[in-house]
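J.: The numbering of the sequence shown is our numbering, which starts it at 1 and goes up by one. The beta-carbon is built from N, C-alpha and C at its ideal position, and this holds for glycine as well. Shown below is the structure under consideration.
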Amino acid sequence: MGNYELNKNLAQMLKGGVIMDVTNVEQAKIAEAAGACAVMALERVPSDIRKDGGVARMSDPQMIKAIKNAVSIPVMAKVRIGHFVEAQILEAIGIDYIDESEVLTPADDLYHVDKTAFKVPFVCGCRNLGEALRRIGEGASMIRTKGEAGTGNVVEAVRHMRQLNNDIHQVQAAPVEALMTIAKEMGAPYDLVKFVHENGKLPVVNFAAGGIATPADAALMMQLGCEGVFVGSGIFKSGDPAKRAKAIVLATTYYNDPVKLAQLSENLGEAMSGLEISKLENKYAERGW
Ligand SMILES: O=C(CO)[C@H](O)[C@H](O)COP(=O)(O)O
């Protein structure tokens, strides 16, 4: 089996799980104890990146290594869109997954990283099927719908998930002779469009991200068809991170059980305060193409 097939299978093992943004060893331990399937090591969660402004870059490798040493679940870390040297550095320190993320300030407005040049698996964001297939064509082993990170507002995550689902249904229903035109219009590799037509799904795992802040948000995204969730600001910017983290993990498992979800939603302390999308200065989801 080739390295890419292995990476795709590795990402399948995260299915049904929650990947939590953590900024230090203490948070990483809280995430692991709560049942996170992986952590994303970064210096600031997206809501703080928004608040602080400036250029957001790859985190300090020393901080990432400290988190790697502290937990036994996989550790991910972010690189700027197109910053293949940040990716080389993360691969050199033995990171488990690289997230080429729009949450950081893009380094290249023309090209994303050629992910086929790396052994480590990559996850990338998308707002629709064309964007997902372009990233997979570049070698991404896992996709996440972008949502609007750091807002505590799930509306963009829902929009991107619904768009992806609609696009998949459209490709599946199209006659075979339409696939090349669809590939041209979507700007997506023909082979991958054909895969979606034949299988009715992406060839890699798809998680939802950006703005998930409550157990109900996580369950909503799961019911809309994602295979797991990323949660950043929603946990560690809330009143009781340990409790909320556990509740979100359980809600991602029992996403179809409203009685259980009601129990999980009780008495969680204060949720992060959210932002309205129309008031945002920067829409991170618009970064990348
Ligand atoms: O950046 C990410 C993925 O690249 C985060 O994991 C995710 O988007 C977090 O967003 P939020 O803080 O809104 O939960």
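Rounded to a whole number of angstroms, what is the C-alpha to C-alpha distance between Ala302 and Lys119?
T.: Residue 302 falls outside the range modelled here, since the chain spans only 1 to 289, and no answer is possible.
J.: If I follow the unbroken beta strand (DSSP E) through Ser101, where does it start and stop?
T.: As a position in the sequence shown, residue 101 is number 101, starting the count at 1. Note, Ser101: beta strand (DSSP E), Tyr97 to Ser101.
J.: Sort out for me which residues DSSP pairs Asn267 with in a bridge.
T.: Your numbering for residue 267 matches position 267 in the sequence shown. Asn267 is not bridged to any residue.
J.: Which of helix, strand or coil does DSSP assign to Arg287?
T.: Position 287 of the sequence shown holds residue 287. If DSSP states are grouped into helix, strand and coil, Arg287 belongs with coil.
J.: What whole-angstrom Cβ distance do Thr145 and Cys226 have, given they're in contact under 8 Å?
T.: As a position in the sequence shown, residue 145 is number 145, starting the count at 1. As a position in the sequence shown, residue 226 is number 226, starting the count at 1. Yes, Thr145 and Cys226 are in contact; Cβ-Cβ is about 7 Å, under 8 Å.
J.: From this set, His83, Asp21 and Gly82, which residue's C-alpha is nearest Val75's C-alpha?
T.: By 1-based counting over the sequence shown, the position of residue 75 is 75. Nearest option by C-alpha distance: Asp21.
J.: Distance check for Pro121 and Val55, CA to CA, integer angstroms please.
T.: Against the sequence shown, residue 55 aligns to sequence position 55. Against the sequence shown, residue 121 aligns to sequence position 121. Taking the straight line joining both Cα atoms gives about 25 Å.
J.: For Gly269, I'd like the list of residues in its chain whose CB is within less than 8 Å of its CB, leaving aside the five on either flank, ordered along the chain.
T.: Here residue 269 is taken as the residue at index 269 of the sequence shown, counted from 1. These residues qualify, in order along the chain: Ser238, Gly239, Asp240, Lys243 and Arg244.
J.: Ends of the beta strand (DSSP E) at Ala132?
T.: Within the sequence shown, numbered from 1, the residue matching residue 132 stands at position 132. Where Ala132 is concerned, there is no enclosing beta strand (DSSP E), although the alpha helix (DSSP H) it sits in stretches over Leu129 to Gly137.
J.: In the DSSP output, what is Arg144 paired with across the bridge?
T.: Along the sequence shown, one-based indexing puts residue 144 at 144. Partner(s): Gly125 and Phe207.
J.: Just checking my contact of Leu133 with Met186 at CB under 8 Å: how many whole Å lie between their CB atoms?
T.: As a position in the sequence shown, residue 133 is number 133, starting the count at 1. As a position in the sequence shown, residue 186 is number 186, starting the count at 1. That belief holds up - the Cβ atoms of Leu133 and Met186 are roughly 7 Å apart, short of 8 Å.
J.: Spatial neighbours of Glu32 within its chain, please: CB distance less than 6 Å, with the 5 preceding and 5 following residues excluded, ordered by chain position.
T.: Position 32 of the sequence shown holds residue 32. These residues qualify, in order along the chain: Val71 and Ile73.
J.: Please report the residue range of the beta strand (DSSP E) in which Asp21 lies.
T.: Numbered from its first residue, the sequence shown carries residue 21 at position 21. Its beta strand (DSSP E) spans residues Val18 to Val22.
J.: Candidates Leu42, Arg127 and Lys279: which alpha carbon is nearest Ile95's?
T.: Numbered from 1 along the sequence shown, position 95 holds the residue referred to as residue 95. That would be Leu42, whose Cα lies nearest to the Cα of Ile95.
J.: Please determine whether the Cβ atom of Met221 lies at a distance below 7 Å from any heavy atom of ligand 1.
T.: Here residue 221 corresponds to residue number 221 of the sequence shown, with the count starting at 1. No, the Cβ of Met221 stays beyond 7 Å of every heavy atom of ligand 1.
J.: Do the region 176-186 and the region 93-110 touch if we need at least three Cβ pairs shorter than 8 Å?
T.: Too few Cβ pairs lie closer than 8 Å, so no.
J.: Does DSSP put Met186 in a helix, a strand or coil?
T.: On the sequence shown, position 186 is the one that residue 186 refers to. Helix at Met186.
J.: Under 8 Å between the Cβ atoms of Val171 and Val193?
T.: Here residue 171 is taken as the residue at index 171 of the sequence shown, counted from 1. Here residue 193 is taken as the residue at index 193 of the sequence shown, counted from 1. Yes. Within cutoff.
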